[in-house]
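Beneath this line is the structure, given in structure tokens, with notes to follow.
Protein chains: 2
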Amino acid sequence: MTDHEKQPQASAGDPVVLIVDDDPSMRRALTNLFQSVGLKVEAFSSAAEIMEAKPPAVPSCLVLDIRLPGLSGLDLQADLAKANIHTPIIFITGHGDIPMTVRAMKSGAVDFLTKPVRDQDMLDAVQAAIERDRKRRDAEKSISGVRSRFEGLTPRERDVLSLVASGLMNKQVAAELGLAEITVKIYRGQIMRKMGAKSLADLVRMTDALGIPRNRGHLQT
Amino acid sequence: MTDHEKQPQASAGDPVVLIVDDDPSMRRALTNLFQSVGLKVEAFSSAAEIMEAKPPAVPSCLVLDIRLPGLSGLDLQADLAKANIHTPIIFITGHGDIPMTVRAMKSGAVDFLTKPVRDQDMLDAVQAAIERDRKRRDAEKSISGVRSRFEGLTPRERDVLSLVASGLMNKQVAAELGLAEITVKIYRGQIMRKMGAKSLADLVRMTDALGIPRNRGHLQT
DNA sequence: CTACGGCACAAACCTACGTATAGCTCGCAC
DNA sequence: GTGCGAGCTATACGTAGGTTTGTGCCGTAG
């Protein structure tokens, strides 16, 4: 084995900072700044340009000038949200106003910096943004496996799963679905195997993570 | 208080808007605005003044001028957070800047409006803020009962609960705690009764809501 | 001292859970 | 048709979960 180290899956690879700014000197300055602390950088000059690039597969963040040729930074933010891309965004502005700031922050921006930007502020913001993205990706990944296994269930198995995870006994599930108790038991076993759940507690947490509706749920005062 | 309206309050009472502004004319204008749409209002002229009042027990929100005598609006926001009071805050400012806005929004403000404030903007913001507070209160209430019941558990019962909710079988819990299986069964029954859980699924969701650490949890890819 | 609550265990008993083996129908793809 | 998978059920058996009744120890509050 040349490579006995199993490092990569800890939490994805090296993070990358995506810069979108139409000012070449600004791009260069930011690139140098981020590279000086060991961050990878990709720079773009317009919103359209970055929309064509594929979303990065590693923890990343966007540094956007709010004033861009074509789509503005805020428009790009909205488009990314619509495209279900949740890369954290840091805005930079030369002459921004408060309503603009509020709109950006309400839409989930991590920060909104005014020119001239202090290097340390920018690095702090990027640090926080990348950390946020890393957490989001970890959470995403942890349920993607569960979700794909759920897709592998038959419709009937999903019915049973829903009721079992609600806390019903096998006989109650059977009555609810018009089945024999033994049938429910067998489905239940298949569900546990297919979902890779080692206990009912596992199964309950999986269904909650997937947002499966509870047909008989409760948690009152 | 002649209150002829008999409103059957579905969940919690009438919401109230708390205004903090040192300008009497502003207080009057805001009070009139909110009352015109049927909202209750309490007005204060300084941060110190509102800190002495007791936190409201109904869905509410704060409308703060950012520039106040004594503690500023941002300071008040920080103090409230430290005091574990999470009433949503809407800021108003005459001459705010962007860093101030960012700081307020990052600290959880729902909105940040600039003078002159358009009535509709203010009402929309208050509406959103109150709705947020209502949701938070509902969530809070739904676990407060669970939490108090958990407090009623003996230390040993909590040990067992933790392991049972992790998905261990009774015999495994017994081995882990150095007990006989029968003892675990008895504790388990007491836990179910004390917590008011009608099923293991209930119990698992309660422990998760309480943030009880899992001693043998898993949910990997 | 006595009473009480937490902790721990045991025998007996019942219910619920889970699997294996086996058999059936139906619809669909080859 | 033949095969296949989903769906459904049954008998049988073993394991896990859960309650009841009763016993005992320990420490502390009254």
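Which chain is which? The protein sequence lines are A and B, in order. The opening position of the first sequence corresponds to residue 370 in this note's numbering, with each subsequent residue numbered one higher. The opening position of the second sequence corresponds to residue 370 in this note's numbering, with each subsequent residue numbered one higher. Ideal Cβ positions, reconstructed from N, Cα and C, are used throughout, including at glycine.
Which same chain residues, not among the five before or five after A/L579, have their C-beta less than 8 angstroms away from its C-beta? Residue mapping note: residue 579 of chain A aligns to position 210 of the first sequence, counting from 1. Only I512, V515, R516, F519 meet the Cβ criterion.
Per-residue burial, A/T523 [other beta carbons within 10 Å of its own, 16 or more giving buried]: Translated into positions along the first sequence, residue 523 of chain A becomes position 154. Classification of A/T523: exposed, given that the 10 Å Cβ count is below 16.
Taking A/F519 as the query, report the chain B residues whose CB atoms sit under 8 angstroms from its CB, ordered along the chain. On the first sequence, position 150 is the one that residue 519 of chain A refers to. What A/F519 touches in chain B: nothing, since even the nearest Cβ is about 13 angstroms away.
If we call anything under 7 angstroms between Cβ atoms a contact, is B/A479 one with B/I459? Numbered from 1 along the second sequence, position 110 holds the residue referred to as residue 479 of chain B. Numbered from 1 along the second sequence, position 90 holds the residue referred to as residue 459 of chain B. For the record, residue 479 of chain B in the displayed sequence is Val; it is not Ala. The answer is yes: Cβ separation under 7 angstroms.
Using a Cβ-Cβ cut-off of 7 angstroms (strictly less than) and excluding sequence neighbours within five positions of A/R501, which residues of its own chain qualify? Residue 501 of chain A sits at position 132 when you count from the first residue of the first sequence. So the list reads P457, V479, once near-sequence residues are dropped.
Between which two residues does the beta strand (DSSP E) harbouring A/L482 extend? Position 113 of the first sequence holds residue 482 of chain A. Looking at the DSSP string, the run of the beta strand (DSSP E) that includes A/L482 is 480-483.
Residues of chain A with CB under 7 angstroms from B/S568, in chain order? Locating residue 568 of chain B in the second sequence gives position 199, where the first residue counts as 1. Those within 7 angstroms of B/S568 in chain A are G536.
One question on the structure: do A/F403 and A/V385 come within less than 7 angstroms of each other, judged by their Cβ atoms? As a working note, residue 403 of chain A is residue 34 in the first sequence. As a working note, residue 385 of chain A is residue 16 in the first sequence. When the beta-carbon positions are compared, A/F403 and A/V385 stay at least 7 angstroms from each other.
Per DSSP, A/S429 forms a beta bridge with which residues? Mapped onto the first sequence, residue 429 of chain A falls at position 60. Answer is A/V385, bridged to A/S429.
List the residues of chain B whose Cβ lies closer than 7 angstroms to the Cβ of A/M564, in chain order. Stepping through the first sequence from its first residue, residue 564 of chain A is reached at position 195. Those within 7 angstroms of A/M564 in chain B number zero; the least Cβ separation is about 11 angstroms.
Nearest to A/A508 by alpha carbon, out of A/S531, A/R525, A/M575, A/S415? Indexing the first sequence from 1 puts residue 508 of chain A at position 139. When only C-alpha atoms are compared, the closest one is A/M575.
Burial state of A/V406, where buried means 16 or more other Cβ atoms lie within 10 Å: Position 37 of the first sequence, counted from the first residue, corresponds to residue 406 of chain A. By the 10 Å Cβ count, A/V406 comes out exposed.
Quick one: what's got a C-beta closer than 7 angstroms to A/R505's C-beta in the same chain, skipping five residues either side? Within the first sequence, residue 505 of chain A is the residue found at index 136, counting from 1. Within the same chain, Cβ atoms closer than 7 angstroms to the Cβ of A/R505 are found at H455, the five residues on either side in sequence being excluded.
Taking 6 angstroms as the line, does the beta carbon of B/K451 fall inside it for any heavy atom of the ligand ZN? No copy of the ligand ZN appears in this structure; indeed no ligand is present at all.
Closest Cβ-Cβ distance between A/G465 and chain B: below 7 angstroms? The sequence position of residue 465 of chain A within the first sequence is 96, counting from 1. True, the Cβ-Cβ gap to chain B drops below 7 angstroms.
Who are the Cβ neighbours of A/Q446 in its own chain at under 6 angstroms, not counting the five residues just before and after it? The residue you call residue 446 of chain A lines up with position 77 of the first sequence. The beta carbon of A/Q446 sits closer than 6 angstroms to those of I458, S476, all from its chain and outside the five residues before and after it, given in chain order.
For A/M564 and A/R527, I'd like the C-alpha separation in whole angstroms. Start at 1 with the first residue of the first sequence, and residue 564 of chain A comes out as number 195. Start at 1 with the first residue of the first sequence, and residue 527 of chain A comes out as number 158. One alpha carbon belongs to A/M564, the other to A/R527, and they sit about 11 angstroms apart.
B/T590: buried (16+ other C-beta within 10 angstroms of its C-beta) or exposed? In the second sequence, the residue the question calls residue 590 of chain B occupies position 221. Annotation note: pLDDT 35 at B/T590 (below 50); position unreliable, no value reported.
Do A/I435 and A/T462 have their C-beta atoms within less than 7 angstroms of each other? As a position in the first sequence, residue 435 of chain A is number 66, starting the count at 1. As a position in the first sequence, residue 462 of chain A is number 93, starting the count at 1. The Cβ atoms of A/I435 and A/T462 sit closer than 7 angstroms to each other.
In or out: B/M474 buried (at least 16 other Cβ within 10 Å) or exposed? Taking the second sequence and counting its residues from 1, the one referred to as residue 474 of chain B is at position 105. So B/M474 counts as buried.
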